[in-house]
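Asks: Just dropping this structure here.
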Amino acid sequence: MMDLAPVNRSAPSDGLSVIVPVFRSAPILPELAARLCPVLQSLGSRYELVLVDDGSPDDSWATILGLAAQQPWIRGVRMMRNYGQHNALLAGVRAARFATIMTMDDDLQHPPEEIPRLLAAFGPDVDVLYATPQRPQHGVVRDLSSWVTKIALRSAMGAETARLVSAWRLFRTDLRVGFAEYQSPFVNLDVLLTWSGRRFGSLPVRHAPRRTGESNYTPGKLVRHALNMMTGFSVIPLQFASVVGFLFTLFGVAVLVYVVVRYLLSGSTVAGFPFLASIIAIFSGAQLFALGIIGEYLARIHFRTMNRPAYTIAETISS
Numbered sequence: 534m535m536d537l538a539p540v541n542r543s544a545p546s547d548g549l550s551v552i553v554p555v556f557r558s559a560p561i562l563p564e565l566a567a568r569l570c571p572v573l574q575s576l577g578s579r580y581e582l583v584l585v586d587d588g589s590p591d592d593s594w595a596t597i598l599g600l601a602a603q604q605p606w607i608r609g610v611r612m613m614r615n616y617g618q619h620n621a622l623l624a625g626v627r628a629a630r631f632a633t634i635m636t637m638d639d640d641l642q643h644p645p646e647e648i649p650r651l652l653a654a655f656g657p658d659v660d661v662l663y664a665t666p667q668r669p670q671h672g673v674v675r676d677l678s679s680w681v682t683k684i685a686l687r688s689a690m691g692a693e694t695a696r697l698v699s700a701w702r703l704f705r706t707d708l709r710v711g712f713a714e715y716q717s718p719f720v721n722l723d724v725l726l727t728w729s730g731r732r733f734g735s736l737p738v739r740h741a742p743r744r745t746g747e748s749n750y751t752p753g754k755l756v757r758h759a760l761n762m763m764t765g766f767s768v769i770p771l772q773f774a775s776v777v778g779f780l781f782t783l784f785g786v787a788v789l790v791y792v793v794v795r796y797l798l799s800g801s802t803v804a805g806f807p808f809l810a811s812i813i814a815i816f817s818g819a820q821l822f823a824l825g826i827i828g829e830y831l832a833r834i835h836f837r838t839m840n841r842p843a844y845t846i847a848e849t850i851s852s
């Protein structure tokens, strides 16, 4: 079964939908479900766990099928291929059936035991609540990429809370109405949530070390994610290119003034080829840099005109 853009348009009922994107996490999923079960049962409301298999090359989908067969509150969604964490989250958010949605990672760095604290802090005056780690567990490269990404997020979200954004979120399901028709392959859930929500909050909570394996975010993926974030949901790179162009224009004017003044005072011109070649190289580099940024934006326009979907679903399993 294939669904290019499943959107749950029915009114969500009271309860909690926990969305977890899954990639190479078959060994840890049973423990995640086992720890979530008593926590969700203690809430006294209806609940579900939606595991979205983002094209995992391991036995993640078979594990999800086994868990769903044993526990009816677990649902599964299998993507046609790997689309990325935020695309998988978008599929899970659209499949959610309850009024409140929580997104979590699949590596148990987000301890399920902290969920009651988040729900207690999620008042009527908040649309989106982020669980900010008290002590980040990431390395230098991950932190640097996160810093660049959050600069773009701050511009797109228009909120200082962007610096506290994390993958552990709690928000109202009604917010998905604002991006129900979104189909671009470039997805960032945090930006999409700003399209219909403006009240953002954060709560410092305990984040645990990764239990097994390594993070799927390699340095290359982190760089690509930061670039997609910067050029897909922010005009900061274009503004930066404009500033660079303006500064080099001033530099060119200063060079021209220097050449003219030198000629008027001493009757000689600036020594030839090396000076001229250096100036040409500098200006050519600035022009190519600006053209590259413009090209990134044109590429995104091109992909949007192709009507390429954010994801495709191969199979779903639910009670």
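Each residue of the sequence shown is one higher than the one before, counting from 534 in this note's numbering. We treat Cβ as the ideally placed atom computed from N, Cα and C, and that holds for glycine. As the structure is a prediction and not an experimental result, all values here were calculated from the model.
On the criterion of 16 or more Cβ atoms from any shown chain inside 10 Å, does Ile813 qualify as buried, or is it exposed?
Replies: With fewer than 16 Cβ atoms within 10 Å of its Cβ, Ile813 is classed as exposed.
Asks: Give a yes or no on whether the C-beta atoms belonging to Ser575 and Pro657 are separated by under 9 angstroms.
Replies: Cβ distance not < 9 angstroms, so Ser575 and Pro657 don't count as in contact.
Asks: Which value, in whole angstroms, describes the spacing of the CA atoms of Gly609 and Gln820?
Replies: Computed Cα separation, rounded: 49 angstroms.
Asks: Could you tell me the boundaries of the alpha helix (DSSP H) in which Val724 lies?
Replies: Segment 722-727, the alpha helix (DSSP H) holding Val724.
Asks: How is Ile826 classed by DSSP in three states: helix, strand or coil?
Replies: Reduced to three states, the DSSP call for Ile826 is helix.
Asks: Report all residues from its chain with a CB closer than 6 angstroms to the CB of Leu549; omit the five preceding and five following residues, and keep chain order.
Replies: The residues are Tyr580, Phe631, Thr633.
Asks: Just to confirm, is the Cβ distance from Asp660 to Leu736 under 9 angstroms?
Replies: Contact: no.
Asks: Thinking C-alpha only, which one of Asn615, Leu582, Ala602 is nearest Ala502?
Replies: There is no way to answer for residue 502, as the model of the chain reaches only from 534 to 852.
Asks: State the CB to CB distance for the pair Leu662 and Gly734, rounded to an integer number of angstroms; the pair is presumed to be in contact (CB under 8 angstroms).
Replies: Yes, Leu662 and Gly734 are in contact; Cβ-Cβ is about 5 angstroms, under 8 angstroms.
Asks: Among Val738, Val720, His740, Phe704, which has the Cα closest to the Cα of Ser729?
Replies: With distances taken between Cα atoms, Ser729 lies closest to Phe704.
Asks: Output the distance between the C-alpha atoms of Gly825 and Gly818, rounded to the nearest integer angstrom.
Replies: Their backbone Cα atoms lie some 10 angstroms apart in a straight line.
Asks: When you compare each of Pro590, Ala602, Gly625 to Leu584 by their alpha carbons, which one comes out closest?
Replies: When only C-alpha atoms are compared, the closest one is Gly625.
Asks: Leaving aside the five residues before and after Leu537 along the sequence, list all residues of the same chain whose C-beta is less than 7 angstroms from its C-beta, in chain order.
Replies: In this prediction, Leu537 scores a pLDDT of 41, lower than 50, which makes its location untrustworthy; the coordinate-derived value is nonetheless stated afterwards. Cβ within range, chain order: Pro842, Thr845.
Asks: My assumption, with CB atoms under 8 angstroms, is that Asp591 sits in contact with Ala559. Please give the rounded CB distance.
Replies: With 8 angstroms as the limit, Asp591 and Ala559 qualify as a contact, their Cβ atoms being about 5 angstroms apart.
Asks: Decide if Ser775 is buried, meaning its Cβ has at least 16 other Cβ atoms within 10 Å, or exposed.
Replies: By the neighbour-count rule (16 or more Cβ atoms within 10 Å), Ser775 is not buried but exposed.
Asks: Under the DSSP definition of a beta bridge, which residues are partnered with Thr838?
Replies: For Thr838, which the question treats as bridged, DSSP gives no partner whatsoever.
Asks: Between the C-alpha atoms of Cys570 and Leu562, what's the straight-line distance to the nearest angstrom?
Replies: Between Cys570 and Leu562, the C-alpha separation is close to 12 angstroms.
Asks: In whole angstroms, what separates the C-alpha of Leu565 from that of Asp547?
Replies: If you take the alpha carbons of Leu565 and Asp547, they lie about 23 angstroms apart.
Asks: Which two residues bound the contiguous beta strand (DSSP E) that contains Ile607?
Replies: Looking at the DSSP string, the run of the beta strand (DSSP E) that includes Ile607 is 607-612.
Asks: Where does Phe631 fall in DSSP's three states?
Replies: Correct three-state label for Phe631: strand.
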